[in-house]
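Read the structure below first, then the notes.
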Amino acid sequence: MALQHLTAEGFDEAISAAPLAMVDFWATWCGPCKILSPVVEKLAEEYDGKALVGKVDTDSEMSLAQRFGISAIPTLIFFKNGAELKRSVGVVSEDALKAILEENL
Amino acid sequence: MAYDVIVIGGGPAGLSAAVNVRARGRSVLVVSNPLEENPLWKAERVDNYLGLPGLSGAELLERFQAHALQAGAEFRTGRVLNALAMGSDWYVSIGSDVESAKAIVLAGGVARAKKFPGEAEYLGKGVSYCATCDGMLYRNKPVAVVGYSESAKKEAEFLASIGCTVTYFDRPKQCEITGGEKAERLKCDGQTVEAACIFLLRPALAPTDVFPGIGMENGYVLVDRTMATNLPGVFAAGDCTGTPLQVSSAAGEGLVAGQSAAKYAAEQMK
């Protein structure tokens, strides 16, 4: 599966169906989010079939942002079988994200 | 748009770097705060700049900037929040914009302020450096802004315009951030406020906040004779690399960094 744009509707189903998921909470007005975007897109391709890589627009999906207590963007949340495993706030390198994915595959 | 070189900082080092990138025929974008917010702007008289004694800091800065403009440098007002390498490109975020380049010259001056107690601990958990990024998450909530410039006041006005209730602290000397899992209150010079988010808007971010993993020594960016840092494609010049904090040394280092960055960018495009 390539990059998925997740919304409140179907979020839980998608996350719990994936053994491993990485979700990027972002917004269009956020420069640091735009920096991280190509990295997230690249990882979505690379981990196709191994992990779900998704994005949540915190502007149109405010209920999801509130539910997960997003206090700064970008925030990446990692889920294992639907349960939150880890989160990372701010711009991080591709290698750092890969390390988390590899560790939990 | 993609540039050959992005220069972070519009003081003597950054402007000298920009002039010398252009002299090598490469494109360059200078990202900086407004000229009048540069610390040199306030210097009444600079007497040790070779050949041009007796000019004020503001006069020197205006001449330097005019020179860089004439050389064909492009300018953007704003603060750089993050930089990230991907492949052979560096991506840099400026407010809500992103620009990319093959090489970077970091010339942001000295990040004078030490971090406040609680700042590092709560960064991303109710402490933010970016009003345009995180402001929308705090609509209709009380926020605190610690600012050091006119640009910071404008960012506070932006927060008020999107519905945040803003308490503004103008250049406080000492602050402390406390809370539980997330930051909850800010105490500055004896005044305490409760806030859903605390925005710390300093003139420049610390090099280690913009470039995680950049080599430092005694609080300054570590460089070699070519002004290269330990990060491929990132060069540094001027006050951020250490003493003496003087206009002449900054301009000289800017020249070296500009030439090195132009050369690096050219090699990447071969």
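Chain order of the listed sequences is X and Y.
So for the first sequence, my numbering puts the first residue at 1; every next one is plus one.
So for the second sequence, my numbering puts the first residue at 1001; every next one is plus one.
Heads up, the beta-carbon is just placed ideally off N, CA and C, and yes, glycines get one too.
Beta-carbon spacing of C1164(Y), V1193(Y) below 7 Å: In this structure, C1164(Y) lies away from V1193(Y), with their beta-carbon atoms at least 7 Å apart.
Partners in chain Y for V31(X), counting only beta-carbon separations shorter than 8 Å: Reading the sequence as shown, one finds Gly at residue 31(X) and not Val. Listed by position along chain Y, the residues whose Cβ is nearer than 8 Å to that of G31(X) are L1081, N1082, S1093, I1094, G1095, S1096, D1097, V1098, C1130, T1132, C1133.
Straight-line gap, E1044(Y) to E1036(Y) (C-alpha atoms, nearest Å): As the crow flies, the alpha-carbon of E1044(Y) is around 13 Å from that of E1036(Y).
Straight-line Cα distance separating P1244(Y) from L52(X): A direct Cα-to-Cα measurement between L52(X) and P1244(Y) gives close to 52 Å.
Buried or exposed (CB count within 10 angstroms, at least 16 for buried), L1060(Y): Classification for L1060(Y): buried.
Residue-level contact to chain X via CB, G1118(Y), 7 Å cutoff: For G1118(Y), the answer is no, since every Cβ of chain X falls outside 7 Å of its Cβ.
Inter-residue spacing [alpha-carbon to alpha-carbon] between G1215(Y) and S1096(Y): Their backbone Cα atoms lie some 27 Å apart in a straight line.
7 Å Cβ cutoff met for L1081(Y) and S1100(Y): Going by C-beta atoms, L1081(Y) is not nearer than 7 Å to S1100(Y).
The stretch 1007-1015 of chain Y in contact with the stretch 1250-1263 of chain Y per 3-pair CB rule at 8 Å: Yes, the stretch 1007-1015 of chain Y touches the stretch 1250-1263 of chain Y.
Contiguous beta strand (DSSP E) assignments of at least 3 residues, all confined to the stretch 1004-1069 of chain Y: Every beta strand (DSSP E) stretch that sits fully inside the stretch 1004-1069 of chain Y and reaches 3 residues is listed by chain position as 1028-1032.
Beta carbon proximity, I73(X) to chain Y, threshold 7 Å: Using a CB distance cut-off of 7 Å, I73(X) counts as an interface residue toward chain Y.
Outcome for S1107(Y) when other beta-carbon atoms lying within 10 angstroms are tallied against a minimum of 16: Here residue 1107(Y) turns out to be Ala, not Ser, going by the sequence shown. Here A1107(Y) is buried, its C-beta having at least 16 other C-beta atoms within 10 Å.
Within chain Y, the residues that G90(X) reaches when beta carbons sit closer than 7 Å: Neighbourhood of G90(X) in chain Y, by CB distance below 7 Å: G1124, in chain order.
M22(X) (DSSP reduced to helix, strand or coil): Three-state DSSP puts M22(X) in a strand.
Three-way DSSP call (helix, strand, coil) for C1133(Y) in this model: In the three-state DSSP reduction, C1133(Y) falls in the helix class (H, G or I).
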